Structure formats: structure tokens, C-alpha cells
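*Asks:* Take a look at the following structure, please.
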Amino acid sequence: MTPRSYSLVMDMENGYGRSNDDEDDSKYRRPIHVIRWKRYSRGFYLAGFVVCLVVVLFILMLRVANGTDMDSTASSSVTGDETYKLMVVADLDTNSREKDDKKGKWKTILKKAELRRKEDGKFSVHWLEDQEVFTKFSEAGRGMELSALLEFNNRLYSFDDRTGIVYEMVKGNKAIPRFILMEGNGDTEKGQKSEWATVKDGKMIVGSFGKEYTNPDGSIRNTNNMWVSTIDSNGHVEHVDWTENYNRLRKAVGCSYPGYMIHEAIAWSQHMKKWVVLPRRVSNQPYDEVEDERRGSNLVLLVSENFKKIEVRRITPITPTRGFSDFKFLPNSHDQIIVALKSEESEKLQTQNSYITVFDLNGTVLMDETEIPGKHKFEGLEFFFF
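Take any residue in the sequence shown, note its place counting from 1, add 1282, and you have its number in the numbering used here.
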């Protein structure tokens, strides 16, 4: 049979296509809109897919940009009714030694807690059990005076401000010595008085307290406590002179030498690309051991990477006897919410105490300074799953 040839013409009245061949016109009658839909449907599907893909990519790009280039006034992504697990570690000073152990044993206290965020944005804290952790290492009869907690490469580290030992805190209430940091440029006989630690560029940066060691007459004996140590993922240790950085912080708040600042809470913000500094002590007067106990700080310093731009903010209410001893950024807050420890001590009364508080970088206090049970000086804090 010879194939039939035909062409479609438009029936203006009915809107149908019909054949020029009148003999079997009904065989070829089909709605024009059906023919056109089949012709263009694949194109519509493809165009819709492309539009959806572009929208998704645009949203992802916005989220990445917001996550890596947040300024100090950015809002956080923390939502209500969330619970965060944290732990704090104590510096018991001379009380760290076990009096009944003749061979010599020193201890610290790890205290676990749950920090809870409520629907109104405020926080509360619920304290869990304590753990005692022991060591046999000491320097001149003192040891295990831990002053910071830091997670690095999925391990939890703490830093003895007497011996310079860096311990890994492991399950089973064990502290395993991993590194020894010596003060100053490292070529000294005394362990670094490590007071703060943070992670930057894939390295731990462990700092001393940022003040000259002075003689009784106020003259400078050395600047070993104005250095920091770095530890990379392979365990390589380097020593870096931070004297100029510390002095710029002093100048920004008007306490250049013989005034001073004492630091126990410095962290690098990967989101803001800034250093965040919460000084423990600030004074425009020369150091005095007794008066120092009442020179607590409520300052927060936002510092550029090269320490050339420094913004000074006064955040929390000030209590002269209390100073910052550590802090961490609340997870998922774009480094805009800070959970901080404050500690106080009296040499005369032989007492110690610590507090925990939460605030944002705009100055809103989200949890007032709340006393930590135990009457100890807690100087290290970290969010850690346990």
C-alpha cells in the first residue's frame, strides 16, 4: 500500500487540524494543542529543571558566603530548645597535690554539664558528675594545674600552667602527657605557663598570659610570658614572640607598661577572621599582687588577624574580683555567642570560685554569671561529646 501523504490545515471554527484528504478525514483529526504540547513538553521540562538548579545553587552560595564572611554584628543560626554538652577543668593551685600520697600525686577535677537554650533565647546550665584525674608529673612540687581545654583533631587537650605539659584527656579518667612546652623561645629550663589555647590554620596556638615578669621594684626581668607555642597535627612545636601583639592590645585599652593586661581567654574566630580576646585583668597601674585580685575585666576585644585593628567593647557587668578564665563560641552561632568562665580567688582568705555566663557580641547577656558548684577555680572549657 502506498503511504498516504497529507498536510494539516487549521479549522478556524473548531480549532482542530484536518486532512486535505476528505475520504478519511476523521482518521487524522487531532487537537492542535495536543500536537503542540508533545512538541514542546520536553523543552518545558528541561527549562524547569534548569531554573530549579540555578535557585538551589544560588541558595547554597548565599549560605557559604554567610558562613565564612560574617561580621561582628551577624545574627546566629541557633534555634530554641537546644542542649549542648560541655566540660570544665579546674586549676586547684597548691591544693592539686594529694596530701596522703607520699610518692607524689596531683589531681584536677573535670566537671560535665548540659547548657540548655530556651525558646526565649536565654540559657540555663545543668551540672552533671565530677571526675578526678591524676598525674605523677610535677615541677618543684606542683603539677596538674590545668588552665585550658581544647579539642584538636578529635582529641581533647588540657594544659598545665606549672610544668608546661600538654595532656590528652582520655576516657577512664586518664591524662596522657603528649607534649612539653618550655617558656619563652623554648630554650629555657622552665615549663611554659600556658593559660589559653585556640586553633588557627590547622595548628594549636598555646599562649602564656602576656605580661612581663617583673622584679619587686617594677623593673622587667624577662618577657618569656609574652611568647606563644604552636603545635601542628604532626606534633611539631614552634615558639613565637607575641610581645608586639600583646602590647598593641594594651595600647588599645590605655594600659601600656607599666600598666598591664593578663590573658587567659583568647580565641581565633574562623567565621569572622578575627581574634577575640577577653582579658582577665586590666590595669593602667603597675602590677601589685594584692590589688591584682580586684582588677577584673568585662572587656571584649575584636582584633584583626595582624593585630593592627582593634575594637574594644564592654559587654558584661563588671565585678572587680572576677576575670575571664576561658571561653568558647557556642556551636552553630557563627561565633556570635560566647560561653565564658570567670574565676576569682583570694590569697588572704584562701578561697576560689568560678562562674559561667553566656552573652552575644552585641552586648546582650543571655545567661547571668552563674556560680559553678564546688568552690574551685575552673579555667578551661570545651564543648565535647562524652
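Glycine residues also receive a C-beta, built at the ideal position from the N, C-alpha and C atoms. In this text, all values refer to a predicted model and were calculated from it rather than measured experimentally.
1) Which word fits residue 1428, buried or exposed, when buried means at least 16 other C-beta atoms lie within 10 angstroms of its C-beta?
2) Go ahead and label residue 1580 buried or exposed: buried means 16 or more other beta carbons lie within 10 angstroms of its beta carbon, across all protein chains shown.
3) Identify, in the order they occur along the chain, each residue of the same chain with its Cβ nearer than 6 angstroms to the Cβ of residue 1364, setting aside the five sequence neighbours on each side.
4) With respect to the beta strand (DSSP E) encompassing residue 1401, which residues constitute its N-terminal and C-terminal limits?
5) Could you give the DSSP three-state label for residue 1506: helix, strand or coil?
6) In the DSSP assignment, find the unbroken alpha helix (DSSP H) run with residue 1532 in it and report its ends.
7) Where does residue 1438 sit, in a helix, a strand or coil, going by DSSP?
8) Assuming residue 1665 is part of the beta strand (DSSP E), what are its boundary residues?
9) Taking 8 angstroms as the limit between beta carbons, can you name the residues of its chain near residue 1349, skipping five residues before and five after?
10) Under the criterion of a Cβ to heavy atom distance below 6 angstroms, does residue 1429 qualify as lining the ligand COA?
11) DSSP state of residue 1604, grouped into three classes?
12) Where does residue 1642 land, buried or exposed, given buried means 16+ other C-beta within 10 angstroms?
13) Can the beta-carbon of residue 1595 be found closer than 7 angstroms to that of residue 1582?
14) So, helix, strand or coil for residue 1351, using DSSP?
15) Can you tell me whether DSSP reads residue 1576 as helix, strand or coil?
16) Looking at residue 1528: is its Cβ nearer than 7 angstroms to the Cβ of residue 1492?
17) Could you check the C-alpha separation between residue 1479 and residue 1628 for me, to the nearest Å?
18) Please identify the residue among 1666, 1618, 1572, 1588 whose C-alpha is closest to the C-alpha of residue 1626.
19) Who are the near neighbours of residue 1604 in its chain, counting only those whose CB is closer than 6 angstroms to its CB and skipping five residues on each side?
20) With 7 angstroms set as the bound, which would you pick, yes or no: does the beta-carbon of residue 1663 sit closer than that to a beta-carbon of chain C?
21) Is the beta carbon of residue 1487 less than 7 angstroms from the beta carbon of residue 1512?
22) Taking the alpha carbon of residue 1622 as the reference point, which residue from 1609, 1613, 1632, 1432 has its own alpha carbon closest?
23) By how many angstroms is the C-alpha of residue 1459 removed from the C-alpha of residue 1402?
24) Taking only the alpha-carbon atoms, compute the straight-line gap between residue 1531 and residue 1383 and give it to the nearest angstrom.
25) Can you name the start and end residues of the beta strand (DSSP E) that residue 1419 belongs to?
26) Is residue 1368 closer than 7 angstroms to residue 1397 when the C-beta atoms are compared?
27) Give the DSSP bridge partners of residue 1637, in chain order.
28) Does DSSP classify residue 1376 as helix, strand or coil?
29) Run through the region 1540 to 1569 for me and flag every whole beta strand (DSSP E) of 3 or more residues, listed as ranges in chain order.
30) What does residue 1511 pair with, by DSSP beta-bridge criteria?
31) Nearest-angstrom Cα distance between residue 1647 and residue 1601?
32) With which residues is residue 1408 paired in a DSSP beta bridge?
33) In whole angstroms, what separates the C-alpha of residue 1424 from that of residue 1444?
34) Taking residue 1455 as the reference, which of 1413, 1461, 1598 has the closest Cα?
35) For residue 1537, which residues of its own chain have a beta-carbon under 7 angstroms away from its beta-carbon, when the five flanking residues on both sides are left out?
36) With which residues is residue 1458 paired in a DSSP beta bridge?
*Replies:* Working from what's here:
1) When all chains shown are included, residue 1428 counts as buried.
2) Residue 1580 is buried by the Cβ-count criterion.
3) Counting only Cβ-Cβ distances below 6 angstroms, and skipping sequence neighbours, we find 1399.
4) The continuous stretches of beta strand (DSSP E) do not include residue 1401, and DSSP gives it neither H nor E.
5) For residue 1506, the three-state secondary structure derived from DSSP is helix.
6) For residue 1532, the enclosing alpha helix (DSSP H) starts and ends at 1525 to 1535.
7) In the three-state reduction of the DSSP assignment, residue 1438 falls in the strand class.
8) Here the beta strand (DSSP E) through residue 1665 covers 1660 to 1665.
9) In this predicted model, residue 1349 has a pLDDT of only 41, less than 50, meaning its place in the structure is not dependable; the value taken from the coordinates is given anyway. Apart from the 5 residues on each side of it in sequence, residue 1349 sits with its Cβ closer than 8 angstroms to the Cβ of 1553, 1616 in its chain, given in chain order.
10) Only the bare structure without any ligand can be found here, which leaves the ligand COA out of the picture.
11) Note: residue 1604 maps to coil in three-state DSSP.
12) Under this definition residue 1642 is a buried residue.
13) Yes, Cβ-Cβ distance for residue 1595 and residue 1582 is below 7 angstroms.
14) With a pLDDT of only 38 at residue 1351, under the threshold of 50, the placement of this residue in the model should not be trusted; the figure read from the coordinates follows. In the displayed model, residue 1351 falls within coil according to three-state DSSP, outside both helix and strand.
15) Helix, per DSSP.
16) With a cutoff of 7 angstroms on beta-carbon distance, residue 1528 and residue 1492 are scored as near each other.
17) Between residue 1479 and residue 1628, the C-alpha separation is close to 25 angstroms.
18) For residue 1626, the nearest C-alpha among the options comes from 1572.
19) The beta carbon of residue 1604 sits closer than 6 angstroms to those of 1578, 1624, 1626, all from its chain and outside the five residues before and after it, given in chain order.
20) The displayed structure is made up of one protein chain only, and chain C is not part of it.
21) Yes, they are a contact pair.
22) The shortest Cα separation from residue 1622 among 1609, 1613, 1632, 1432 belongs to 1609.
23) Looking at the two C-alpha atoms, the distance is approximately 43 angstroms.
24) The alpha-carbon atoms of residue 1531 and residue 1383 are separated by roughly 44 angstroms.
25) Premise fails: residue 1419 is in no beta strand (DSSP E) and is neither H nor E.
26) Their beta carbons are under 7 angstroms apart, which means residue 1397 touches residue 1368 by this criterion.
27) Looking at the DSSP assignment, residue 1637 forms a beta bridge with 1624, 1653.
28) Helix.
29) Runs of the beta strand (DSSP E) inside the region 1540 to 1569: 1542 to 1551, 1556 to 1565.
30) 1488, 1521, per the DSSP bridge assignment.
31) So the alpha carbons of these two residues sit roughly 15 angstroms apart.
32) Residue pairing for residue 1408: DSSP places it in a beta bridge opposite 1396.
33) For residue 1424 and residue 1444, the gap between their C-alpha atoms comes out near 7 angstroms.
34) Residue 1413 holds the alpha-carbon nearest to the alpha-carbon of residue 1455 among 1413, 1461, 1598.
35) Same-chain partners within the cutoff: 1543, 1564, 1565, 1566.
36) Residue pairing from DSSP places residue 1458 in a beta bridge opposite 1450.
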